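Residue numbers (our numbering): 208 to 279.
Here is the structure we will look at.
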Amino acid sequence: MELDSKFEKLIKGEVQYKSANLGCNLLISRLQRKYDQDSSQEVLNSCIQELKTFFEKYKVISAKDLEEIAKL
Numbered sequence: 208m209e210l211d212s213k214f215e216k217l218i219k220g221e222v223q224y225k226s227a228n229l230g231c232n233l234l235i236s237r238l239q240r241k242y243d244q245d246s247s248q249e250v251l252n253s254c255i256q257e258l259k260t261f262f263e264k265y266k267v268i269s270a271k272d273l274e275e276i277a278k279l
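Structure below.
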């Protein structure tokens, strides 16, 4: 999926994104801290999966965020 590489960059801190949605910002910050503590591929994959789950669950209110992240 195209967004997987964008999510990976976001989690690794290679790109910055600030959402108008506080929940989205908190999730991204938490996942970045989690990855900073353990930079294994397994942790990265679980972080990406958690982001995908969040955006799928809240797709109606996070559609604009997904569009913006895709542009990163």
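Even for Gly, the Cβ is constructed at its ideal location relative to N, Cα and C.
Values in this document were obtained by computation on a predicted structure and should not be read as measured data.
Start-to-end residues for the alpha helix (DSSP H) that takes in residue i
i       : result
Lys-266 : Counting along the chain, Lys-266 falls outside any alpha helix (DSSP H), and DSSP gives it neither H nor E.
Gln-149 : What is shown of the chain runs 208 to 279, which leaves residue 149 out entirely.
Leu-217 : 209-219
Three-state class that DSSP yields for residue i in the structure shown
i       : result
Gln-256 : helix
Leu-251 : helix
Asp-243 : helix
Chain-order list of residues whose beta-carbon lies under 7 Å from that of residue i (same chain, five-residue window excluded)
i       : result
Lys-213 : Ile-276, Ala-277 and Leu-279
Val-250 : Lys-241 and Tyr-242
Within 8 Å, strictly: CB atoms of residue i and residue j
i       : j       : result
Tyr-265 : Cys-254 : no
Asp-272 : Ser-236 : no
Close-in-space but distant-in-sequence residues of the same chain around residue i (CB under 6 Å, 5 per side omitted)
i       : result
Phe-261 : Leu-234
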